[in-house]
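S.K.: Heads up: the sequence lines are chains R and U, in that order.
Mapping the first sequence onto the numbering used here, position 330 (from 1) lands on 330, and the numbers just tick up by one.
Each number in the numbering used here comes from the position in the second sequence (counting from 1) with 439 added on.
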Amino acid sequence: CIQLPDSEPVMLGEIQSPQYPQPYPPNLQRQWDISVPEGYQIQLTFTHLDIEASEGCHYDALTVLYDDKVLGKFCGYENSEVGHHPGTQPILSPGSRLSLIFQTDENNPERHQNVGFSAQYQAIDIDECSAPEPADGSGPLCSHICLNILGSYLCACHHGYQLRSDQRTCVLSCPGGIFDEPEGHLFSPGYPDTPPRAVSCQYVISVDPGFVVNLNFTDNFHIESVDTEEGPDCVYHWLQVTIPGKEPTKLCGRKSPGLIVTNSNTITLDYHTDHIGLSNGWSLDYTTHRVMCPFSGSVANGRVTPTLTKYLYRDYIYVRCDPGYKLMMDGQEIKSFSTMCQSNGQWHLPLPECHIIDCGEPKPLLNGGVTFLSGSQNQYRSLVQYHCNEPFYSLFGGENVTFACEADRKWRSNHDIVVHPTCLPVCGQPTKLIPAYQR
Amino acid sequence: IIGGSEAPENTIPWQVLLSIHGQRAGGMVIADRWIMTAAHVLVNENDKVPNEAVRVYTGLTKVDTLLRSPVYVSSIHVHPEYNNPNLMDFNNDIALIKLQDAITFKGSIMPICLPAEDATYTTGIMGMVSGFGLTETDNRRILTNKLKYVQLPVVEQETCSDSITLARRTRDKVPGLSNNMFCAGFPEGGRDSCQGDSGGPFALNDGSRFFAGGIVSWGVDCGQQGTYGVYTRVSNYLDWINKTMQEN
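#1: In three-state terms, what does DSSP make of W56/R?
#2: Any C-beta of chain R within less than 8 Å: which residues of the region 529 to 549 of chain U qualify?
#3: Name the residues in the region 645 to 663 of chain U whose C-beta lies less than 8 Å from a C-beta of chain R; which are they?
#4: From H222/R to Q202/R, what distance separates their C-alpha atoms?
#5: CB-CB under 8 Å to P447/U, same chain, minus the five flanking residues each way: which ones, in chain order?
#6: Could you please give the first and the last residue of the uninterrupted alpha helix (DSSP H) stretch that includes D678/U?
#7: Starting from I317/R, trace the beta strand (DSSP E) both ways and give me its first and last residue.
#8: Identify the contact partners of A446/U in chain R, using a Cβ-Cβ distance below 8 Å as the criterion.
#9: Please list, in chain order, the residues of the region 448 to 461 of chain U that have any C-beta partner in chain R closer than 9 Å.
#10: Going along the region 420 to 434 of chain R in order, which residues come within less than 9 Å of chain U, judged by CB to CB distance?
#11: Is the region 421 to 438 of chain R touching the region 508 to 518 of chain U, taking contact as three or more C-beta pairs under 8 Å?
#12: Closer than 7 Å by beta-carbon distance: list the chain R residues that pair up with C633/U, in chain order.
#13: Cβ atoms of N265/R and V444/R: under 8 Å apart, would you say?
#14: Which word fits L457/U, buried or exposed, when buried means at least 16 other C-beta atoms lie within 10 angstroms of its C-beta?
#15: Report yes if the C-beta distance between Y121/R and Q43/R is below 8 Å; otherwise report no.
#16: Taking the CB atoms as reference points, tell me whether P430/R and I451/U lie closer together than 8 Å.
#17: If distances are taken between C-alpha atoms only, which option among N280/R, F187/R, T262/R, G345/R comes closest to R314/R?
#18: Below 8 Å on the Cβ atoms is my guess for Y667/U versus A623/U; work out the distance and round it to an integer in Å.
#19: Quick one: Cα of C129/R to Cα of E106/R, how far?
#20: Does the beta-carbon distance from I101/R to C75/R come in below 8 Å?
#21: Around the Cβ of M565/U, are there at least 16 other Cβ atoms within 10 angstroms (buried) or fewer (exposed)?
#22: Please go through the same chain and pick out, in chain order, the residues whose beta-carbon is closer than 8 Å to the beta-carbon of T88/R, but skip the five residues on each side of it.
#23: So for H158/R, helix, strand or coil by DSSP?
#24: Between the region 541 to 554 of chain U and the region 636 to 655 of chain U, can you find at least three pairs of beta-carbon atoms closer than 8 Å?
#25: Just checking: is the beta-carbon of F392/R within a distance shorter than 8 Å of some beta-carbon in chain U?
#26: Between the region 56 to 65 of chain R and the region 144 to 152 of chain R, do three or more beta carbon pairs fall short of 8 Å?
#27: Should N367/R be flagged as near chain U, meaning a C-beta pair shorter than 8 Å?
#28: If we define contact as Cβ-Cβ less than 8 Å, is I551/U a contact residue for chain R?
#29: Beta-carbon separation of M684/U and W473/U under 8 Å?
#30: Just reading off the beta strand (DSSP E) that R579/U is part of, what are its end residues?
#31: Would you report the Cα separation of Y153/R and Q22/R, rounded to the nearest angstrom?
#32: Please classify Q443/R: is it buried, with 16 or more other beta-carbons within 10 angstroms of its beta-carbon, or exposed?
#33: What does D471/U reach in chain R if we use C-beta pairs closer than 8 Å?
#34: Let me know the secondary structure DSSP gives I178/R once reduced to three states.
Here is the structure:
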């Protein structure tokens, strides 16, 4: 990308001598300074030039300069015997600037009325990439690939290399960086080809919390080590594995570490080699899996769904109580319960308990009473029987109506009704009849 | 009650004693908040007596013990077609009293049933009339403080009508008989209801239960030969009774 200047740059234009195409006046000293954006050069083409001809353009002349360098000094006309006419060949400035100075003396020849000049110019992109290598020994413009673009150029690197901060030279790139996909492949620079020296690469595997990473090194593992009595010592070359909360581990030698279970979602691998020695490098595949939450298995008088062999991060479980039982948590009844396995391997809520439901005291019966037939404390499946104060009242709906504490916490009769029983008065049946034995 | 007997306790548990401005009347319990009686005991010259003037006693057979426990009246509902300013027309002589508090029934207090819609009053069928009204000893009318009862047969309507016609020959201002009334009594006299029994029950028995066949209403003298007691025919008022109780 090129940052554009504030105003539209002049990319082409026309310059004419004063009064052109009329003869130019005497005693002129006129200068034009042309500039185009950096990265461009100016191509100047004369469409007409008719300036008093003189030897060495001594009297009248048009001088074309790039900075202080004279690119041409012109006078005369086409095919004039004296003077220096530019012809139709364009003049190319080395850079983005060009100056034209038109000078005339006090006299003009009377025979020939010179009309001056007319020229057009345009900006021409400089192909920086084709420029010769500077002689100062700084090397080529781009160490690998040069890409010419309008007004500038870009350097690029071959595969496996990366552009340095100077934007022109390339170095072998580390295949490191941050790896956040659930699985991936990591390898040392150049692996399995001949490795570079003095490598310092960092690989960070960072997946979402709730996932843990397993590293599985391939068998082709070689990191230069110094053999000691205690085994290989990773003095100059190493691959350091850093797991948060644990001491970093340096790996080297020729034996592959194989599978490393990290139990972490973030692993940092630092690969270091120096200028001496040779390590062929290493590669590994990493995989991730969800963390597991512990599970007690069951809730008394309740049911846990779904039933899985193990419960992993983001798994939900639901607890429902058996009919006649209610969900209780922290001494409070809750309508429903679900809990999720969190990224830290813990359930976000502890399992609730199922307590037997209570229908409450059966409603008292006016002019009657209620008797518990079974159960107690008004709990689920307790049975009660209502009765009226006989012989003065009788139960509406018949005798022996029992009510059970049902799962919906209502006392329901054996006819599945919730209607509260009523004692209806008995009429016209005195407890004592007038004796009528006398005849 | 003329010619009757004292009622043992708990034998007529629906019996109610009303005391209105010092006058005794009868009534009967028909529900835990409702007393049925005669309209004429609650109307004084076309004016309904105030609730406060009506004392209701239930449950016992001796007046001196009854008086300790009146129950309070919530409202009085006289049959809308009762119109008897001069005590000459006892047609529709029926009224209901609503109590403020419900009665709890027991051996001494029990409602009497209402008649079935198709209840018949067969001539000669015996009914039981009860009350704390005047009684008679040694041919003298006396007040009694004990509940008395007497068994009386239902009299054929025409026989009763004839007796009233006959009475009009010797008496002035004898009320008329309507189909909302029936008569009960013995032609030879000697057993009858009397003053103070008005509003009380004429209880019929359908074999298992007593029901309120009639309400003591009026009569020419008490217990005299050739006269009968006249009772409001309750079965004619079932719709009004039910409607009044439901609406109130």
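The beta carbon of each residue, even a glycine, is placed where N, CA and C say it ideally should be.
M.R.: So, from the listed chains and residues:
#1: Just to set this straight, residue 56/R is Gly in the shown sequence, not Trp. In the structure shown, G56/R adopts helical secondary structure according to DSSP, grouped into three states.
#2: Within the region 529 to 549 of chain U, the qualifying residues are T543, F544, K545, G546, M549.
#3: S647, R648, F649, F650
#4: 17 Å
#5: T500
#6: 677 to 686
#7: 316 to 321
#8: I434
#9: E448, N449, T450, I451, P452, W453
#10: Look at the region 420 to 434 of chain R: the residues with a C-beta under 9 Å from a C-beta of chain U are P425, V426, C427, G428, Q429, P430, T431, K432, L433, I434.
#11: no
#12: Here the premise fails: no neighbours, minimum Cβ distance about 20 Å.
#13: Any question about residue 444/R goes unanswered here, given that chain R covers just 1 to 439.
#14: Taking a 10 Å sphere around the C-beta of L457/U, we find 16 or more other C-beta atoms and assign the residue as buried.
#15: yes
#16: Yes, Cβ-Cβ distance for P430/R and I451/U is below 8 Å.
#17: G345/R
#18: About 6 Å separates the two Cβ atoms, so the contact holds.
#19: 48 Å
#20: no
#21: exposed
#22: T45, F46
#23: coil
#24: As far as the Cβ criterion goes, the region 636 to 655 of chain U touches the region 541 to 554 of chain U, which means the pair count is three or higher.
#25: yes
#26: Touching, no.
#27: Proximity of N367/R to chain U, defined by a Cβ-Cβ separation below 8 Å, is satisfied.
#28: yes
#29: Yes, they are a contact pair.
#30: It spans 579 to 581 - the beta strand (DSSP E) in which R579/U sits, taken as one unbroken run.
#31: 44 Å
#32: An answer regarding residue 443/R cannot be provided, because it is not within the stretch 1 to 439 covered by chain R.
#33: P425, listed in chain order.
#34: strand
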